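>
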Amino acid sequence: MNYIHNTIAQLKHTSPAQCEFYQAVEEVLESLEPILENVSKYQKNAIIQRLVEPERQIMFRVPWLDDNGNIQVNKGYRIEFNSSLGPYKGGLRFHPSVNASIIKFLGFEQIFKNALTGLPIGGGKGGANFDPKGRSDAEIMRFCQSFMNELYRHIGPTTDVPAGDIGVGAREIGYMFGQYKRLTGRYDGAFTGKSLLWGGSLVRKEATGYGAVYFANYMLQARDGSLQGKRCLVSGAGNVAIYAMEKLYQLGATPITCSDSTGTLYHEAGIDLAHVKQLKEGERASLARYVDKHSDAQYIPAADYPDDGHAVWRFVADAAFPCATQNELTESDAQALINNGCILVSEGANMPSTKAAIDVFLDANIAYGPGKAANAGGVATSQLEMAQNASMQTWTFAEVDTKLQQIMKNIFDTASNTAAEFGEPGNLVLGANIAAFRRVADAMIEQGVV
36 MNYIHNTIAQ LKHTSPAQCE FYQAVEEVLE SLEPILENVS KYQKNAIIQR LVEPERQIMF
96 RVPWLDDNGN IQVNKGYRIE FNSSLGPYKG GLRFHPSVNA SIIKFLGFEQ IFKNALTGLP
156 IGGGKGGANF DPKGRSDAEI MRFCQSFMNE LYRHIGPTTD VPAGDIGVGA REIGYMFGQY
216 KRLTGRYDGA FTGKSLLWGG SLVRKEATGY GAVYFANYML QARDGSLQGK RCLVSGAGNV
276 AIYAMEKLYQ LGATPITCSD STGTLYHEAG IDLAHVKQLK EGERASLARY VDKHSDAQYI
336 PAADYPDDGH AVWRFVADAA FPCATQNELT ESDAQALINN GCILVSEGAN MPSTKAAIDV
396 FLDANIAYGP GKAANAGGVA TSQLEMAQNA SMQTWTFAEV DTKLQQIMKN IFDTASNTAA
456 EFGEPGNLVL GANIAAFRRV ADAMIEQGVV
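Just so we're aligned, residue 36 is where the sequence shown starts under my numbering, counting upward by one.
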């Protein structure tokens, strides 16, 4: 379709060398072809040309002193992508791989993810190419304070509400919120993912992992199945992976893998979740140490991964939960999963599967939950934290978890029903993209050319 092709071509011209961003845009726009061909108002109002351009891009330097008194300089970002449905909402990522392309792809995905929740939140994302690994608490505090010295002027509870992402947990959120409060003199809900001591929400830490598992169960229930008794491959060892594994156990499934930047852990008997939590949340140590306690487990160093993919996807299992990072699951990985009997993939990470891998899943007609739908539980619970802050209430774990389950059910139903409406039942990629696009696009049209 020339309209889509021309938009992507223009985007590559105006935003050069941003491959991850192009990948995210192409995946969405290609699946929108059925609606763009048949509903003229979206072309008339230049919706996709406006949608692929952020409303605001903020880039800034972050100078800070390390423990040796040396000046370090990093680059900070906040991409405020689309506010048609509400305040910008999306996490901050601190990782050496962060650049404009990564942040823009994440922000673009966030528009659709947030729209699918049905909640009043727009899409944004941010971060810095700072690596918290190996840094002292004092260094991380100084970096976060310097980062906030610029970001504070762009955020607020009804403007832009950041949260955590890779490299940004409760510690980093605490340091940033403290500096925000110092600079503004306000104690408000400008962040989510806060400590329970000062405005955080129960279930927020668990929400993305729990949500991906709830979504997976809804996919299987639609096919007259469940997660009970299923053996599952999980990648990652951060909050998303850890709490996906926790919920899998609670629903009667068994996670048998997880991974970190150094390698992959395979434990046929089932991952010892308490030990993984101790290593990653308590000691911030490598998963390589897991085998010191569990001699029947296998640890595969990253150097020994297959040339065409990731070791974590090469074991026999019923279901897969990519919960680490973008493009971690290749076409070869996808084919290995299918060949080994995998019937479900539910994405806890953002865009973890390559386009070729997604095509393998769709061709095989397995239950495939794309990240913008399956991992929306985190941002949904962030909005529930915003609601609690605004009303100065605190909800119980059960109350928030019940709301999360219902939101994930609504997302599944919306994506599934939209896919059926457009003649491709079961294609949740198409269903999620079209459903989210319609909500955002119609709001944009009603708000005029802004």
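For each residue, glycine too, the CB sits at the ideal point set by N, CA and C.
Model, not experiment: these values are computed from the prediction.
So, helix, strand or coil for residue 214, using DSSP?
helix
> For the region 373–391 against the region 113–122, are there 3 or more C-beta pairs whose distance is under 8 Å?
no
> Compute the distance between the beta-carbons of residue 113 and residue 161, then report whether it is under 8 Å.
yes
> To which residues of the same chain is residue 349 closer than 6 Å at the C-beta, ignoring the five residues directly before and after it?
371
> Is the beta carbon of residue 480 less than 8 Å from the beta carbon of residue 80?
yes
> Considering only their Cβ atoms, is the gap separating residue 314 from residue 301 smaller than 8 Å?
no
> Mind checking who residue 381 pairs with in its DSSP beta bridge?
404
> How many Å lie between residue 392 and residue 386 at the Cα?
11 Å
> Whole angstroms are fine: how far does the CA of residue 205 sit from the CA of residue 124?
CA-CA distance, residue 124 to residue 205, rounds to 17 Å.
> Assign residue 194 to one of two classes, buried (16 or more other C-beta atoms within 10 Å of its C-beta) or exposed (fewer than that).
exposed
> Find out if the Cβ-Cβ distance for the pair residue 453, residue 461 is shorter than 8 Å.
Against a cut-off of 8 Å, the Cβ pair of residue 461 and residue 453 comes out as no contact.
> Taking the straight line between their C-alpha atoms, what separation do you get for residue 433 and residue 319?
29 Å
> Classify residue 270 as buried or exposed, calling it buried when 16 or more other Cβ atoms lie within 10 Å of its own Cβ.
buried
> For residue 447, tell me which candidate among 216, 253 and 375 has the shortest Cα-Cα distance.
253
> CB residue 198 to CB residue 182, shorter than 8 Å?
no
> What are the boundary residues of the beta strand (DSSP E) that includes residue 481?
Segment 463–481 is the alpha helix (DSSP H) holding residue 481; no beta strand (DSSP E) there.
> With a threshold of 16 other CB atoms inside 10 Å of the CB of residue 265, please say whether the residue is buried or exposed.
buried
> Measure the CB-CB distance between residue 150 and residue 474 and report whether it falls below 8 Å.
yes
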